[in-house]
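Colleague: Dropping the structure in here first, questions after.
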Amino acid sequence: MAIGRVGVAAVPARVSLRARVGNLLDREEWLGPVFVSPALFLLLLLVAYPFCMALYFSVSNAFIGRPSHFIGIRNFVNLWGSDAFRQTFQNAFVFTGAAVGFKLVLGLSLAMILNQPLWFKRLIRGAVLLPWVIPTALSTLGWWWMFNSLYSVVNWTGLALGLMDPPGPNWLGQRYYAMTAVVVVNIWRGLPFFVITILAGLVSIPRELYEAAEADGAGPIARFWHVTLPLLKPVLGIVVLFSTIFTFSDFNIVYVLTHGGPINSTHLFATLARQVGLETGRIGEGAAISLYLFPVLMIVVWAQLRFVRKQAY
Amino acid sequence: MSAITRRHFLTTTTGAGLAGVLATGIPPARGQQREISYLCWNNFAPLMDKKLAEIGQRFTKDTGIKLKIDHIAAAQQAAKYASEVQSQAGHDLVEMRMHFPWLYEGQLIDLGDVVADLEKKYGKVLSSAAETARVHGTWRAVPQYHAMFVATYREDLFKKAGLKIPDTWEDLYTVGKELKKMGNPVGIPISQNYDSISTAGPVLWSFGGMEIDKDGKTVRINTPQTALMIEWYKKMFRDCMEPEVLSWDDASNNQAIQQGKAGWIHNPVSAYIVAKQMKLPTADTINHHRTPGGPAGRHETDVPRHIAIWKFSKNAEPAKEFIRYLLGKREVYDEYIMSADAFNLPVYEKLQDHPVLKTDPKYAGLKAEGVQYHCYGWPAPPSDKVQLITNSFIMPNMIAKAVTGTPTKDAIVWAENEMKKIVAG
Chain A
541 MAIGRVGVAA VPARVSLRAR VGNLLDREEW LGPVFVSPAL FLLLLLVAYP FCMALYFSVS
601 NAFIGRPSHF IGIRNFVNLW GSDAFRQTFQ NAFVFTGAAV GFKLVLGLSL AMILNQPLWF
661 KRLIRGAVLL PWVIPTALST LGWWWMFNSL YSVVNWTGLA LGLMDPPGPN WLGQRYYAMT
721 AVVVVNIWRG LPFFVITILA GLVSIPRELY EAAEADGAGP IARFWHVTLP LLKPVLGIVV
781 LFSTIFTFSD FNIVYVLTHG GPINSTHLFA TLARQVGLET GRIGEGAAIS LYLFPVLMIV
841 VWAQLRFVRK QAY
Chain B
561 MSAITRRHFL TTTTGAGLAG VLATGIPPAR GQQREISYLC WNNFAPLMDK KLAEIGQRFT
621 KDTGIKLKID HIAAAQQAAK YASEVQSQAG HDLVEMRMHF PWLYEGQLID LGDVVADLEK
681 KYGKVLSSAA ETARVHGTWR AVPQYHAMFV ATYREDLFKK AGLKIPDTWE DLYTVGKELK
741 KMGNPVGIPI SQNYDSISTA GPVLWSFGGM EIDKDGKTVR INTPQTALMI EWYKKMFRDC
801 MEPEVLSWDD ASNNQAIQQG KAGWIHNPVS AYIVAKQMKL PTADTINHHR TPGGPAGRHE
861 TDVPRHIAIW KFSKNAEPAK EFIRYLLGKR EVYDEYIMSA DAFNLPVYEK LQDHPVLKTD
921 PKYAGLKAEG VQYHCYGWPA PPSDKVQLIT NSFIMPNMIA KAVTGTPTKD AIVWAENEMK
981 KIVAG
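Chains as they are written, first to last, in the working numbering: chain A, 541 to 853; chain B, 561 to 985.
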């Protein structure tokens, strides 16, 4: 059977603007960039631009409100001559190591408890989130009152229970106590993030695996080591990665509790950068202090993402 | 010719008007209401902030210039000003403490005409205020008032124990030992705050020491006089104070005496004023005396506070008008000073015997005969370097190191190196 040719009359197609835009958005190569561009614009504006400015400041002798000149890496080199900076460098690792370590152990323990059948489970899970929800500056002010030498409820309780000798520890005035205080508050503040994320990981582990392990005679500890922990590793990797970054760059807790004192013993990169860059006007040096963190965090991110990928595949 | 429709008319006129505004950069007359903003510190005498708001409202009523007043904690000022300068945006008027006009010299307009008018009326500006507000011969800020540090003590405790008012810092050590035994130690902060510097300076000067020499360049902290001052602090810390002073902020010494703990502090009269206003039981027991002296005389820190106008402000003239309104009208200035209840006193010569000093017999100590007032860094002339040394808290950290175990010599050498770095930079 012959198939006749169907003639199509050449009608000049007048496609409306809306239709043309619609056609474009139907194509993936257009739609993708359109969706991504607002986020990209915000990233450029709020992250890339300040980061580039900080890079520029760090290699200049910028002083608030005065013309600046390029001085290469002199700021980075000179910082090692500063007693306060060397102390800060050490503080950052002690603070982050102690806080993240405790948050990991406590977070895992608490998440496992919350994964058990409990009364008022939802209420308790909600309450655990509270420290994460309250604005940090506000909650840290509460802690400041608790550690304050004149009004310390911690010391008052300790003395009342006979656990401390009068007048009790000088929480914010002695270097080791002050570091303990800022670490404790950071743990309190960051623990919910660990608990909730690990809990989500725990919930997703199939019950059958535990039942099989139990059938093979595995006790609670064996089940934890051979079932729970291996399956949680990717989640733990991500949680530790984020927490390390947040803890290294913490500012509020130290600023409100100790201002970096006593004698710079609790300064972190962010608080010292503020003091040098904003309070004393040496913004170039301040930017260099805050950027010292960058290579350290890059290494942490690289190492942990590598670890997570290994676990995932 | 087609008739003009309502829609066409509105579109054309709106477009043309908007284009005109955008091209000239001048808003239409209705939008031209003059408005200025003032960033002021959170006054340690809170009633003065209330009075300022009240005066601001009257100013708006009298002049038609809208005034917006924002407040900021003293500890936040430096960082806030730095961000305003860096972004070239923010308030028109700013309150500036001590050497701040030196730090932001290039960013502040010349206010010589306003100061000249005030000096004609009230007499010369006091030396410490003039030294800090007049930068390289130009008035970068208008001096408005100053707070002075005095000795604040618990009169009842002194009477009870038969203690003599200390005339020298050594006398204070003798008295302090007794006070600590009574459970009411001396409260001098040794921490990263400004009150620590305000006491460390007078003690250092009284022992004959200094941070920077008169030339403003030579670091002179490493001297036997500094060692004497540190030794004094060490024995005070050991025998007269509690370790809590290492964690104090600017308000802690006030709270310590107001709550009945400290027996002696070094502070402006704010501790007493607040106790009085809050009707605290200690208010009746607090009194003031002249600041102690030492072998090199009797020196004291005062904190002159000024008002300045940023160069980036587009409202310099209305802003000047506000300064003239607040400080240039005697009745308004008096009202403003009276509201602080002697915490902030006038900085003009003819106003030194101000009526506010007669409002309470406990302000007699504020007359402080024979006391020489200086700002931080004296005898070095005010400069940005002095401000940097102050804001880096080198002096309190030097003392804190020494009282917590670092050998005196090492603490001084540490401070010397830190100061030299700033002076060289």
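Note that beta-carbon positions come from the ideal geometry of N, C-alpha and C, so glycine has one too.
(1) Check each candidate in Gly888/B, Arg657/B, Tyr933/B and name the one with the smallest Cα separation from Val674/B.
(2) So what does DSSP say about Thr1020/B, is it helix, strand or coil?
(3) Report the neighbours of Trp974/B on chain A: residues whose CB is nearer than 8 Å to its CB, in chain order.
(4) Which of the three DSSP states, helix, strand or coil, is assigned to Pro703/B?
(5) Measure the alpha-carbon distance for Thr851/B versus Phe797/B and round it to whole angstroms.
(6) Would you report the Cα separation of Leu607/B and Val645/B, rounded to the nearest angstrom?
(7) Mind pulling the chain B residues with CB within less than 7 Å of Ile604/A?
(8) In angstroms, rounded to a whole number, what distance separates the CA positions of Val663/B and Gln947/B?
(9) Have a look at Gly616/B, His914/B, Pro915/B and flag the residue whose alpha-carbon is nearest the alpha-carbon of Ile629/B.
(10) Please list the partners that His799/A has in chain B, where partner means a Cβ-to-Cβ separation under 7 Å.
(11) Counting only Cβ pairs nearer than 7 Å, list the residues of chain A close to Ala960/B.
(12) How many angstroms separate the CA atom of Ala589/B from the CA atom of Glu595/B?
(13) Going by beta carbon distance, what residues of the same chain come within less than 8 Å of Met541/A, once the five residues before and after it are set aside?
(14) If you draw a straight line from the C-alpha of Asp790/A to the C-alpha of Gly621/A, how long is it?
(15) Would you give the residue range spanned by the alpha helix (DSSP H) that Ile790/B belongs to?
(16) Between His849/B and Ala711/B, which are expected to be in contact by the criterion C-beta below 8 Å, what is the C-beta distance as a whole number of angstroms?
(17) Just the chain A side, please: which residues come within less than 8 Å of Ser758/B by C-beta, in chain order?
(18) Under 7 Å: does the beta carbon of Gly826/A sit that close to some heavy atom of the ligand SAM?
(19) Where does Val546/A sit, in a helix, a strand or coil, going by DSSP?
(20) Step through the CB atoms of chain A and report whether any lies within less than 8 Å of the CB of Ser830/B.
(21) Is the Cβ of Ala639/B closer than 8 Å to any Cβ of chain A?
(22) Nearest CA to the CA of Met801/B: which residue from Asn744/B, Met838/B, Glu771/B?
(23) Going by other Cβ atoms of all chains shown within 10 Å of its Cβ, with 16 needed for buried, is Gln656/A buried or exposed?
(24) What is the rounded straight-line gap between the Cα of Lys740/B and the Cα of Phe767/B?
(25) In angstroms, rounded to a whole number, what distance separates the CA positions of Gly857/B and Leu788/B?
(26) Give, in chain order, every unbroken run of the alpha helix (DSSP H) that is at least 4 residues long and sits entirely within the region 581 to 647 of chain A.
(27) State buried or exposed for Cys600/B, treating a residue as buried only when at least 16 other CB atoms are found within 10 Å of its CB.
(28) Quick one: grab the DSSP three-state call for Val743/A.
(29) For Ser830/B, which residues in the same chain have their Cβ closer than 7 Å to its Cβ, ignoring the five residues on either side in sequence?
(30) For His631/B, which beta-bridge partners are listed by DSSP?
Modeller: Answer, in terms of the structure:
(1) Gly888/B
(2) Chain B is shown only over 561 to 985; residue 1020/B falls outside these bounds and no answer can be derived.
(3) Asp623
(4) strand
(5) 19 Å
(6) 29 Å
(7) Ala642, Val645, Gln646
(8) This sequence places Leu at residue 663/B; Val is not what is there. So the two alpha carbons sit approximately 7 Å from each other.
(9) Gly616/B
(10) Gln752
(11) Pro802, Ile803
(12) Because Ala589/B sits at a pLDDT of 48, beneath the cut-off of 50, its placement in the model cannot be relied upon, and the following sentence gives the value as read from the coordinates. Roughly 14 Å separates the two Cα atoms.
(13) Its pLDDT being 43, under 50, Met541/A is placed unreliably in this model, and the value from its coordinates should be taken loosely. Cβ within range, chain order: n/a, list empty.
(14) 24 Å
(15) 784 to 799
(16) 5 Å
(17) Those within 8 Å of Ser758/B in chain A number zero; the least Cβ separation is about 17 Å.
(18) Of ligands this structure carries none, so the ligand SAM is not represented either.
(19) With a pLDDT of only 48 at Val546/A, under the threshold of 50, the placement of this residue in the model should not be trusted, and no figure is reported.
(20) no
(21) yes
(22) Asn744/B
(23) exposed
(24) 24 Å
(25) 15 Å
(26) 589 to 598, 614 to 619
(27) buried
(28) helix
(29) Phe604, Ala605, Asn814, Phe903
(30) Cys600/B
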